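In full-length UniProt numbering, the protein residues as written are 1 to 294.
Beta carbons: idealized from backbone N, C-alpha and C, even for Gly.
Computed from a predicted model, the values in this text were never measured in an experiment.
Below is one structure, written out as structure tokens, with a few remarks after it.
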């Protein structure tokens with residue numbers, strides 16, 4: 001089978017991760033247990049997830065001209081992500097995410113840096129890559145006007161788009177309508193679309209609900225894919241793994257329900273290791289995991 005072409009447009013960050021058994025309150029200093037730097041950013045994470053599952057993956061984004069940027073570019077090469085469309089920004093810092101892991105959960109502060117330079121003009125330079133893709137995957141750690149522009153561009157050429165609205169930001173009604181699929185988690189869904197989303201959005205929404213699985217509408221009927229029973233170690237990359245995996249499955253021609261089932265299993269695998277990318281499975285490992293579960 002011909003490998004699908006997935007183009008991810010989004011952020012690259014260096015994740016600065018601290019594990020602690022005691023989360024500090026305002027004004028308090030505590031001692032952490034472990035610190036590490038890990039390649040991340042929602043765009044890069046989703047690109048790595050898709051590449052490990054067998055797609056040809058283009059990533060369109062920016063890094064700074066600093067050591068973090070060099071490490072992130074090298075990481076893309078090591079994970080077979082095509083990096084020619086990731087250009088360094090002169091005299092600019094690479095984006096960073098400060099992550100605190102506590103009690104099997106995470107809190108994150110993202111500082112965009114070079115990600116702010118993924119502009120509409122930058123997208124135009126890489127338009128041919130986008131329009132020759134089987135599917136495009138977007139998140140919201142790049143400027144919002146860029147996201148709206150990409151959605152308009154893809155709609156005009158009938159290129160399907162998965163928009164992962166994380167972190168949650170409001171877009172125009174037209175932008176939501178242009179997305180083929182919207183993949184918020186429960187919190188993002190309620191914040192952006194309310195408890196009862198508009199009728200025109202209902203079939204687009206695929207809502208990830210952690211251990212409870214994934215809910216969605218198909219042909220007007222509500223459906224759910226149940227969660228997997230696994231012990232979480234680090235949930236940081238679960239949503240990114242889900243989105244990267246779903247992009248691969250849809251680009252391969254799987255149905256929406258099949259793609260969600262596939263992506264849900266990938267996300268379950270991802271949370272069993274540390275780091276946003278650390279637990280992202282290969283295609284062989286995921287297929288074995290699904291087979292055992294069945």
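Asked                                                                                                                                                                          : Found
Could you spell out where the alpha helix (DSSP H) holding residue 153 opens and where it closes?                                                                              : 144–156
Using the C-alpha atoms, what's the distance from residue 155 back to residue 121?                                                                                             : 18 Å
Which same chain residues, not among the five before or five after residue 208, have their C-beta less than 7 Å away from its C-beta?                                          : 183, 185, 214, 239 and 242
Report the residue ranges of all beta strand (DSSP E) runs contained in full by the stretch 34–121; include only those spanning at least 3 residues, in chain order.           : 34–40, 56–64, 86–89, 95–102 and 105–111
Only counting runs of 4 or more residues, tell me where the alpha helix (DSSP H) segments fall wholly within the stretch 146–222, in order along the chain.                    : 173–178, 186–193 and 199–202
Excluding the 5 residues preceding and the 5 following residue 40 in the sequence, name in chain order all residues of the same chain whose CB lies nearer than 6 Å to its CB. : 13, 15, 97 and 276
Using only the alpha-carbon positions, how far apart do residue 85 and residue 43 sit?                                                                                         : 13 Å
In whole angstroms, give me the CA-to-CA distance for residue 273 and residue 281.                                                                                             : 10 Å
Just to confirm, are residue 118 and residue 142 a CB contact at a threshold of 8 Å?                                                                                           : yes
Could you spell out the range, first to last residue, of the beta strand (DSSP E) harbouring residue 7?                                                                        : 5–9
Out of curiosity, what's the CA-to-CA distance linking residue 171 and residue 92?                                                                                             : 27 Å
Under the rule that 16 or more other beta-carbon atoms within 10 Å means buried, what is residue 262, buried or exposed?                                                       : buried
Should residue 109 go down as buried or exposed, given a rule of 16 or more other Cβ atoms within 10 Å for buried?                                                             : exposed
Quick check on DSSP: helix, strand or coil for residue 25?                                                                                                                     : coil
Where does residue 234 land, buried or exposed, given buried means 16+ other C-beta within 10 angstroms?                                                                       : buried
Mind reading off the beta-carbon distance from residue 10 to residue 139? Whole number of angstroms is fine, and I expect it under 8 Å.                                        : 5 Å
Tell me which same chain residues have a C-beta within less than 6 Å of the C-beta of residue 320, skipping the five on either side of it?                                     : For the chain, the structure presents residues 1 to 294; residue 320 sits outside this window and is missing.
For the alpha helix (DSSP H) containing residue 250, name the first residue and the last one.                                                                                  : 238–251
Do you know how far the Cα of residue 259 is from the Cα of residue 95?                                                                                                        : 31 Å
I think residue 30 touches residue 20, with their Cβ atoms under 8 Å apart; what is that distance to the nearest whole Å?                                                      : 6 Å
Helix, strand or coil for residue 272 per DSSP?                                                                                                                                : coil
Span of the beta strand (DSSP E) holding residue 12?                                                                                                                           : No beta strand (DSSP E) holds residue 12; DSSP gives it neither H nor E.
On the criterion of 16 or more Cβ atoms from any shown chain inside 10 Å, does residue 257 qualify as buried, or is it exposed?                                                : exposed
Starting from residue 136, follow the alpha helix (DSSP H) in both directions and report where the run begins and ends.                                                        : Counting along the chain, residue 136 falls outside any alpha helix (DSSP H), though it belongs to the beta strand (DSSP E) covering 135–138.
What's the gap between the Cα of residue 60 and the Cα of residue 254?                                                                                                         : 25 Å
Which term fits residue 68, buried or exposed, when burial requires 16 or more other beta carbons within 10 angstroms of its beta carbon?                                      : buried
Return the chain-ordered list of same chain residues with a C-beta closer than 7 Å to the C-beta of residue 189, the five sequence neighbours on each side being excluded.     : 205 and 207
Hey, would you say residue 81 sits closer than 8 Å to residue 57, going by beta carbons?                                                                                       : yes
Classify residue 19 as helix, strand or coil using the three-state DSSP reduction.                                                                                             : strand
Are residue 193 and residue 203 touching if we call contact CB-CB under 8 Å?                                                                                                   : no
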